[in-house]
Amino acid sequence: KHKVIFDTDPGVDDAMALYFALAHTDIDVIGITTTFGNVTVEQATTNALYLTRIAGRAIPVAQGVNVPFAKAPGTPPDFIHGADGLGNLPSRIEAGGQAEPLSAAEFIVKMARQHPGEITLVAVGPLGNLGLALKLEPQLPKLLKQVVLMAGAVDEPGNVSPVAEANVWNDPDAADLVFTAGWDLTMVGLDVTHRVVLLSKFFERLAQHHKHVAMDTLHHAVMFYSDFYSSIRPDMGHGCYGHDVLAFVWLVAPELFKTQSGRVRVATEGIANGQTMMAKLAIPYPQAGWEADKPETRVCMEVDAAACEKLIAEVLASDWLL
Ligand code: BDR
Ligand code: CA
Numbered sequence: 007k008h009k010v011i012f013d014t015d016p017g018v019d020d021a022m023a024l025y026f027a028l029a030h031t032d033i034d035v036i037g038i039t040t041t042f043g044n045v046t047v048e049q050a051t052t053n054a055l056y057l058t059r060i061a062g063r064a065i066p067v068a069q070g071v072n073v074p075f076a077k078a079p080g081t082p083p084d085f086i087h088g089a090d091g092l093g094n095l096p097s098r099i100e101a102g103g104q105a106e107p108l109s110a111a112e113f114i115v116k117m118a119r120q121h122p123g124e125i126t127l128v129a130v131g132p133l134g135n136l137g138l139a140l141k142l143e144p145q146l147p148k149l150l151k152q153v154v155l156m157a158g159a160v161d162e163p164g165n166v167s168p169v170a171e172a173n174v175w176n177d178p179d180a181a182d183l184v185f186t187a188g189w190d191l192t193m194v195g196l197d198v199t200h201r202v203v204l205l206s207k208f209f210e211r212l213a214q215h216h217k218h219v220a221m222d223t224l225h226h227a228v229m230f231y232s233d234f235y236s237s238i239r240p241d242m243g244h245g246c247y248g249h250d251v252l253a254f255v256w257l258v259a260p261e262l263f264k265t266q267s268g269r270v271r272v273a274t275e276g277i278a279n280g281q282t283m284m285a286k287l288a289i290p291y292p293q294a295g296w297e298a299d300k301p302e303t304r305v306c307m308e309v310d311a312a313a314c315e316k317l318i319a320e321v322l323a324s325d326w327l328l
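Each step along the sequence shown adds one to the number in the UniProt record's numbering, with nothing skipped, and position 232 is 238.
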């Protein structure tokens, strides 16, 4: 079983990812850490507590960073995930739950020390919590088993600027720290997440199947998210990208992806701010090797989209809701 800490800014596709992880029998989510991104960090924490508690799971939630490392903080847009991050839910049931007394970075370090070499960190928001945890514990890359990111774009255009993906754009300095830290690192970015479209009908069927507040919540959120994506990509039908859920799909079914390894750096200023650049091994860089001293990242470049959709459907339709 994969022991996972889930670093997230829920967020509609974050909610999808969380429920996929909770539903999957090979994944054990031992903690959730929150960050600003799709919403403020306070709202992200509220949502993480809500989504887990309504699904019947009392997983610890530790609140993390509320601003980027260096760039000026911005206001999260409300037209993609809704002002509340879950597509403006009309109401919420009483679900309880309270955040941990530790910060996200402290929580990550504490758990990594308790379970050396065992924890997979799946991060699907801006990367400040991981950056801060690295500063607290420079040995963290050795203490974690691996890190899987939904972040970045190599050949695919960005979704915030022509070159920047949102999670990297939101904190490029933290992202660059994470890409150069030296852990076993996998990047699941727009090169693959833009290949997997999930139709809102699919979530409607899941909600009918489960008849459970957790699935109703996800369905409502996905309807809002799909309104946005269908407005910018009318050809996709009423649906959305699965972005964050693909980080978990990679974890449990890496054979569905083609990866390429290379050194990745992030532009932290100027017109390309937030761009992830990769030195593909096949290209010899004559100037003594671009960033030759930096570690490599395993980057997902292609995906079997149909197989992903099938797996997501099977896992979410399984009997997992308490
Ligand atoms: C990423 O940005 C966020 O809006 C999504 O939750 C996902 O993590 C996609 O670029
Ligand atoms: Ca996210």
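Heads up, the beta-carbon is just placed ideally off N, CA and C, and yes, glycines get one too.
DSSP bridge partner residues for residue i (one or two, in chain order)
i: residue 263; result: 309
i: residue 286; result: 268
i: residue 210; result: Residue 210 is not bridged to any residue.
i: residue 12; result: 38, 128
i: residue 247; result: 203
i: residue 153; result: 127, 191
i: residue 86; result: DSSP output for residue 86 lists no bridge partner at all.
i: residue 68; result: 39
Cβ-Cβ distance between residue i and residue j below 8 angstroms
i: residue 180; j: residue 132; result: yes
i: residue 272; j: residue 178; result: yes
i: residue 305; j: residue 274; result: no
i: residue 254; j: residue 309; result: no
i: residue 20; j: residue 136; result: no
i: residue 134; j: residue 75; result: yes
Among the options, nearest to residue i - alpha-carbon criterion
i: residue 322; options: 11, 17, 27; result: 27
i: residue 22; options: 220, 112, 121; result: 220
i: residue 67; options: 91, 87, 24, 218; result: 24
i: residue 146; options: 172, 161, 191; result: 191
i: residue 198; options: 86, 240, 34, 250; result: 250
i: residue 175; options: 183, 218, 165; result: 165
Cutoff 6 angstroms; reference residue i; Cβ partners in own chain excluding five residues on either side
i: residue 79; result: 73
i: residue 40; result: 47, 50, 51, 54, 69, 70
i: residue 42; result: 72
i: residue 127; result: 11, 150, 153
i: residue 91; result: 16, 17, 44, 45, 49, 53
Cutoff 8 angstroms; reference residue i; Cβ partners in own chain excluding five residues on either side
i: residue 117; result: 11, 36, 37, 125
i: residue 103; result: 55, 56, 58, 59, 64, 67
i: residue 228; result: 18, 22, 93, 204, 206, 209, 246
7 angstroms Cβ shell around residue i - same chain, five flanking residues per side excluded
i: residue 2; result: Limits of the chain in this structure are 7 at one end and 328 at the other, which puts residue 2 out of reach.
i: residue 319; result: 208
i: residue 194; result: 154, 155, 156, 252, 253, 256, 306
Heavy atom of ligand 1 within 7 angstroms of residue i beta-carbon
i: residue 279; result: no
i: residue 88; result: no
i: residue 171; result: yes
Heavy atom of ligand 2 within 7 angstroms of residue i beta-carbon
i: residue 43; result: yes
i: residue 265; result: no
i: residue 282; result: no
i: residue 17; result: yes
i: residue 177; result: no
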